[in-house]
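Counted the way our numbering counts, the sequence shown spans residues 289 to 719.
Worksheet for the structure shown next.
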Amino acid sequence: TAIWMNGREIKFLPWTQLNCAATLSHVSDTGYSLVMEYLMFSIAIFAFSWIMLSIGLCFFRFLRCFAALFFLSCGLREGRNSLIAAGTGVVVAGNLQNIFHNLKQLAESVICIIESQCFSFLGHYIEAIRWIYHQTKNLSNPFKDVVSLESKLNVSYSVSDEDLKLRLNKTKLYIENITNQISSLLTLQSYLGKKVLPLLGMAFILLGTYLFIRKFLSPHNLKFKNAYITNEFIRYNEKLRQQQKPSVLPLSKEERKLYTVVPSFCQTRKDRKHTARFFLPVLTNLCIWALFAAVDYLLYWLIFSVSKHLQDLPELEVHLKLYYHVKGHQTILHPKHLFYLSCIPKPNFALSATWTHLGAIVFSLTVLGLLTSTLTQLKILVITSFFPSTGMKRIKYLHKKLLNRRSKFSERNMKKKPHLFATVNYKQYEM
Numbered sequence: 289t290a291i292w293m294n295g296r297e298i299k300f301l302p303w304t305q306l307n308c309a310a311t312l313s314h315v316s317d318t319g320y321s322l323v324m325e326y327l328m329f330s331i332a333i334f335a336f337s338w339i340m341l342s343i344g345l346c347f348f349r350f351l352r353c354f355a356a357l358f359f360l361s362c363g364l365r366e367g368r369n370s371l372i373a374a375g376t377g378v379v380v381a382g383n384l385q386n387i388f389h390n391l392k393q394l395a396e397s398v399i400c401i402i403e404s405q406c407f408s409f410l411g412h413y414i415e416a417i418r419w420i421y422h423q424t425k426n427l428s429n430p431f432k433d434v435v436s437l438e439s440k441l442n443v444s445y446s447v448s449d450e451d452l453k454l455r456l457n458k459t460k461l462y463i464e465n466i467t468n469q470i471s472s473l474l475t476l477q478s479y480l481g482k483k484v485l486p487l488l489g490m491a492f493i494l495l496g497t498y499l500f501i502r503k504f505l506s507p508h509n510l511k512f513k514n515a516y517i518t519n520e521f522i523r524y525n526e527k528l529r530q531q532q533k534p535s536v537l538p539l540s541k542e543e544r545k546l547y548t549v550v551p552s553f554c555q556t557r558k559d560r561k562h563t564a565r566f567f568l569p570v571l572t573n574l575c576i577w578a579l580f581a582a583v584d585y586l587l588y589w590l591i592f593s594v595s596k597h598l599q600d601l602p603e604l605e606v607h608l609k610l611y612y613h614v615k616g617h618q619t620i621l622h623p624k625h626l627f628y629l630s631c632i633p634k635p636n637f638a639l640s641a642t643w644t645h646l647g648a649i650v651f652s653l654t655v656l657g658l659l660t661s662t663l664t665q666l667k668i669l670v671i672t673s674f675f676p677s678t679g680m681k682r683i684k685y686l687h688k689k690l691l692n693r694r695s696k697f698s699e700r701n702m703k704k705k706p707h708l709f710a711t712v713n714y715k716q717y718e719m
């Protein structure tokens, strides 16, 4: 509606439009308020967590030690497992989905070719007949400039293909069902690899750190990771030497192969074994990832080669000859493609996107594997600095262990020494 006031037209919106506008305004205000409430709630949770963590780190020594060891554990076995899980998620999201996509393209291409070529040869014959009819229609009228003849040609065919259509429909439904199932599984796997596995890896790192501290502080497990000669051990040994008590330093050649003077970048035989154990699951998973990448590339190469050959096939040429009593004969050339271009599969291959992430993961695993002995030494030094009393108990245990080992070794050497006795007889000769 509109009214005139002082020569001006004033329009009024209908009630329904006003109601819709008010509703949209209310919805936008509600959405804005929800976003602001969620943002404020997130900020409040983050601030509360930060305050509680700061208070805990200030007043609890165990929590400070746990936080320091947690960051060091990210570079050891727990961090390795998390990186391997992330690499597996990348392979599932990249290579496996690409393999499934290419197989789906191949199946759809086969069905498309079957549907298009099922009775296409009859259609080609009908097209040829109609073309011949139009050509003969023009040739059979010598007075086409004066007289026009109109005639129609109806060509049709009927084929009983219900059984074939039923089979094709069943095949389509079967492929769609399998496609939906595999798609749901891959989607779930990709979600687990991107969301759940990092959280699960973090939980394993927390659990591994807690178990490490528990084993280290246990009074009945003093031999746990007790193969490092620290500065405290050296000072304790020097103190015993000044008191005229047995000393174990310097270490013998055999002992230097078993015990490490920290901090040190030289690996002992035991450290090399630990490094080899660190790389063993890495190499195993790397071979599995390479296998999936090879299968993905081979399938892509196979489908791409077949598609290229199908596109390069020459057109099918149908030669027809028409004979006339007046004009002799004429050759008709009717080219046709064997396959529709829309039915040819188009494979995908995303090697660079997948192996860029995997390359970064493998590089990180290699660096962590080379530094595993150093990080273990840092863990021992950190936890010893937080719990010096437990560290002193471990030092005394290791010192006693070295003394017992040397005493047993000396006894064994004494048993191996041969006992030689010789008798000397002196005989006096008379001159």
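The beta carbon of each residue, even a glycine, is placed where N, CA and C say it ideally should be.
- By the C-beta density criterion, Cys554 is exposed, having fewer than 16 other C-beta atoms within 10 angstroms.
- About 6 Å separates the CB atoms of Gly489 and Ala373; that is less than 8 Å, so the two are in contact.
- Here the alpha carbon of Leu528 sits roughly 10 Å from the alpha carbon of Val536.
- In the three-state reduction of the DSSP assignment, Ile493 falls in the helix class.
- It is roughly 22 Å from the alpha-carbon of Ser397 to the alpha-carbon of Gly382.
- Using a C-beta cut-off of 8 Å, the segment 348 to 361 makes no contact with the segment 536 to 546, since fewer than three inter-stretch Cβ pairs fall below that distance.
- If you ignore the 5 residues before and after Tyr498, its C-beta comes within less than 8 Å of the C-beta of Phe354, all in its own chain and listed in chain order.
- Where Lys513 is concerned, there is no enclosing alpha helix (DSSP H), because DSSP gives it neither an H nor an E.
- The shortest C-alpha to C-alpha distance from Glu542 to any of His389, Leu360, Gly363 and Arg693 is the one to Arg693.
- 9 Å or more divides the Cβ of Val550 from the Cβ of Ile683.
- Two segments are said to touch when three or more pairs of C-beta atoms, one from each, lie closer than 8 Å; by this definition the segment 670 to 683 touches the segment 511 to 526.
- Between the beta-carbon of Leu646 and that of Ile387 there is about 16 Å, and that puts the pair past the 8 Å contact cut.
- Distance from the Cα of Ser595 is smallest, within the candidate group Gly363, Cys575 and Asn390, for Asn390.
- At least 9 Å separates the beta-carbon of Leu474 from that of Leu360.
- With fewer than 16 other CB atoms across the displayed protein chains lying within 10 angstroms of its CB, Leu571 is exposed.
- In the displayed model, Thr644 falls within a helix according to three-state DSSP.
- Take the alpha-carbon of Lys634 and the one of Gln393: they are about 7 Å apart.
- With a contact defined as Cβ atoms closer than 8 Å, Phe358 and Ile493 qualify at about 6 Å.
- At the C-beta level, Leu485 and Thr376 come within 9 Å of one another.
- The closest CA to that of Leu579, considering only Trp338, Lys503, Val379 and Arg368, is found on Val379.
- Beta bridge pairing from DSSP links Val549 with Ile517.
- The continuous alpha helix (DSSP H) containing Lys667 extends over residues Thr660 to Phe674.
- With 16 or more other CB atoms across the displayed protein chains lying within 10 angstroms of its CB, Phe504 is buried.
- Of the other Cβ atoms in all chains shown, fewer than 16 fall within 10 Å of the Cβ of Gln469; this residue is therefore exposed.
- A buried status is given to His687, since no fewer than 16 other beta-carbon atoms sit within 10 Å of its beta-carbon.
- About 6 Å separates the beta carbon of Leu653 from that of Arg368, a gap short enough to meet the 8 Å contact definition.
- Restricting attention to Lys558, Ile399 and Pro538, the CA atom closest to the CA of Arg523 is found in Pro538.
- Relative to the Cα of Asn442, the nearest Cα in the group Asn457, His422 and Lys458 belongs to His422.
- A straight-line Cα-Cα distance of about 16 Å links Ile671 and Ser661.
- For Asn636, the secondary structure class from DSSP, reduced to helix, strand or coil, is coil.
- Taking a contact as a CB-CB distance under 8 Å, the pair Ala581 and Leu639 counts as one, their CB atoms being some 7 Å apart.
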